[in-house]
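**Student:** Each residue of the sequence shown is one higher than the one before, starting from 819 at the first, in the working numbering.
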Amino acid sequence: MIRFLIRTAIFLGSAAIGILAAVWLLPDVHVTATGFVLAAIVFAVAQSLLSPFITKVAARNAPAFLGGIGLVSTFVALVIASLVTGLSITGWRTWILASLVVWLVTALATVLLPMFLLKDEIADRKAKKDAGA
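1. Whole angstroms is fine: what's the gap from A862's alpha carbon to F829's?
2. Which ranges would you report for the beta strand (DSSP E) in the stretch 844 to 905 if only whole runs of at least 3 residues count?
3. Would L918 and L889 be called neighbours here (beta carbons separated by less than 8 Å)?
4. I'd like the list of long-range same chain contacts for T912, defined as Cβ closer than 7 Å, with 5 residues on each side in sequence excluded.
5. Taking the continuous alpha helix (DSSP H) assigned at T908, which residues delimit it?
6. Is the stretch 926 to 942 touching the stretch 890 to 901 in the sense that three or more CB pairs, one from each, lie closer than 8 Å?
7. What is the DSSP secondary structure of M933, reduced to helix, strand or coil?
8. What number of angstroms, rounded off, separates the C-alpha of T903 from the C-alpha of G886?
9. Taking C-alpha atoms, which residue in I835, L867, W910 lies nearest to T924?
Given below as structure tokens:
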């Protein structure tokens, strides 16, 4: 249960960082202060639910697109988040760039956040393992 909560927190944090990166880097991406938290939650939930579904559909109908599933599910999750929250993206180029930025930053944050947030726990486990060996 603890691992699930940690993974959920890391995924929500990475979604928030991805949305912030898009807001900072792209002038046509806006999010209200009150809508930011909700946008991150909606994006993370939509991404978690849509990614397996889109992967299954692509594997069955268009296997060549399996490599781009992350980008497609990021785009769809951004569409849903923009419909439900204070997230606003204007212009087709901005939609493409926002999907790319959010996908890339979220992927990097998902890998890097555990290294920074859990480094003390990892060091403790290593010390216990070395002491027991």
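Backbone N, C-alpha and C define an ideal beta-carbon position, used for all residues, glycine too.
**Tutor:** The relevant details are as follows:
1. For the purposes of this step, residue 862 is taken as the residue at position 44 of the sequence shown. For the purposes of this step, residue 829 is taken as the residue at position 11 of the sequence shown. C-alpha separation (whole angstroms): 7 Å.
2. 847 to 849
3. Translated into the one-based positions of the sequence shown, residue 918 becomes position 100. Translated into the one-based positions of the sequence shown, residue 889 becomes position 71. A contact, by the Cβ cut-off of 8 Å.
4. Looking up residue 912 in the sequence shown gives position 94. Cβ within range, chain order: L844, D846, V847.
5. As a first step, residue 908 must be located in the sequence shown, where it is residue number 90. It is not in any alpha helix (DSSP H) - T908 carries neither H nor E in the DSSP assignment.
6. no
7. As a first step, residue 933 must be located in the sequence shown, where it is residue number 115. Correct three-state label for M933: helix.
8. Residue 903 sits at position 85 when you count from the first residue of the sequence shown. Residue 886 sits at position 68 when you count from the first residue of the sequence shown. Answer to the nearest angstrom: the Cα atoms are 26 Å apart.
9. Counted from its first residue, the sequence shown places residue 924 at position 106. Checked all of I835, L867, W910; the closest Cα to T924 is I835.
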